[in-house]
Amino acid sequence: MSRKHRHFKGAEVSCCVKYVLFGFNIVFWLLGAAFLGIGLWAWAEKGVLSNLSSITDLGGFDPVWLFIVVGGVMFILGFAGCIGALRENTLLLKFFSVFLGLIFFLELTAGILAFVFKDWIKDQLNFFINNNVKAYRDDIDLQNLIDFAQEYWSCCGAHGPDDWNMNIYFNCTDRNPSRERCGVPFSCCIKDPAEDVINTQCGYDVRQHVELDRQKFIYTKGCVGQFEKWLQDNLIIVAGVFVGIALLQIFGICLAQNLVSDIRAVKANW
């Protein structure tokens with residue numbers, strides 16, 4: 001009798017693993033719900049939910065997609081992990097660990113390919129930025145994202161201010177009736193520390209000046225080069241963030257697999 005009792009005790013489901021996994025996932029579930037809610041709210045504000053065909057109208061990248069996709073994935077994973085741990089459901093736990101493992105594998109593959117095909121990635125980045133420069137005025141979220149990037153990295157355009165010729169509002173052609181003709185967005189301007197209010201017209205007509213005169217008013221370096229420089233300067237921090245995310249994913253997979261093993265061991269004694 002005592003031998004059976006010891007065997008049964010050895011096959012118990014670990015409460016520590018169970019509730020750590022539950023707590024680990026409920027945070028991601030709530031964050032996923034928040035991201036998803038923000039994304040859907042942003043789409044509702046732009047009228048996308050009432051006219052779904054407008055999703056394809058934007059020529060550039062809609063930042064709301066990032067919230068929708070990341071929020072959706074986090075919500076599904078968090079739900080599977082929470083309910084799987086709480087109800088000791090091996091099917092949901094397996095789904096959680098396999099899905100998380102797949103994401104980890106895709107991230108690892110993307111990292112290796114990005115290192116091997118650096119030049120191709122750089123060309124795609126140029127293409128991506130140029131497309132978004134063209135669509136700058138088409139979506140307020142995209143506009144805010146580009147302005148943030150240009151201000152943060154002290155840059156203008158993909159390779160320089162003349163990239164804004166690709167935008168119908170900023171190009172220098174004689175047929176352009178826009179007041180922003182031959183200009184750049186205000187986020188390209190070198191900020192005056194004494195100014196408390198942003199001068200949104202600071203980039204008007206600035207590309208009509210020669211290169212040396214431009215440097216007094218706007219950033220003349222491209223965002224691709226500035227982004228590469230930022231990566232090199234912050235390589236340890238960036239690598240640390242990716243390693244931290246990878247360790248969290250491995251931790252989650254290990255917890256889920258450990259819990260599945262405990263549940264199977266208990267069921268084997270029934």
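With the UniProt record's numbering applied, the sequence shown corresponds to residues 1 to 270, in that order.
Here a beta-carbon is modelled for each residue, glycine too, at the ideal position from N, C-alpha and C.
Nearest in C-alpha terms to residue 138, of all of 62, 19 and 269, is 62. Ranked by Cα distance from residue 102, the options 269, 261 and 249 are led by 249. Residue 156 has no beta-bridge partner at all, per DSSP.
Under the three-state reduction of DSSP, residue 218 is assigned to strand. Looking at the DSSP output, residue 189 bridges to 218. Inter-segment contact for the stretch 206-224 and the stretch 176-188 is present: three or more beta-carbon pairs are separated by less than 8 Å. Per the C-alpha coordinates, the member of 243, 264 and 265 positioned closest to residue 108 is 243. Judged by DSSP in its simplified three-state form, residue 42 adopts helix.
Residue 267 counts as exposed, since fewer than 16 other C-beta atoms from the protein chains shown sit within 10 angstroms of its C-beta. A straight line joining the alpha-carbon of residue 110 with that of residue 122 spans about 14 Å. Residue 249 sits in a helix when the DSSP states are folded into three classes. Put simply, the backbone Cα of residue 149 is about 21 Å away from that of residue 38.
In this structure, the straight-line span from the alpha carbon of residue 158 to that of residue 196 is close to 28 Å. C-alpha of residue 181 to C-alpha of residue 170: approximately 5 Å in a straight line.
Contact between residue 21 and residue 85 holds, since their C-beta atoms are separated by about 4 Å, short of 8 Å.
For residue 270, the secondary structure class from DSSP, reduced to helix, strand or coil, is coil.
The three-state reading of DSSP puts residue 161 in helix, counting H, G and I together.
In this chain, the alpha helix (DSSP H) harbouring residue 129 covers 118-134. Per DSSP, the continuous alpha helix (DSSP H) segment holding residue 73 begins and ends at 64-87. With respect to residue 71, residue 35 sits close: the two C-beta atoms are nearer than 8 Å.
For a cut-off of 8 Å, the C-beta gap from residue 17 to residue 258 is around 5 Å, short enough to register as a contact.
Rounded to the nearest angstrom, the gap between the Cα atoms of residue 241 and residue 232 is 15 Å. In the structure shown, residue 243 adopts helical secondary structure according to DSSP, grouped into three states. Around the beta carbon of residue 19, fewer than 16 other beta carbons lie within 10 angstroms, which makes this residue exposed. The alpha carbon of residue 162 has as its nearest neighbour, out of 209, 120, 178 and 174, the alpha carbon of 209.
Going by DSSP, residue 228 is part of the alpha helix (DSSP H) stretching over 223-233. Leaving aside the five residues that flank residue 141 on each side, the residues in its chain whose CB is nearer than 7 Å to its CB run, in chain order, 42, 62, 63 and 64.
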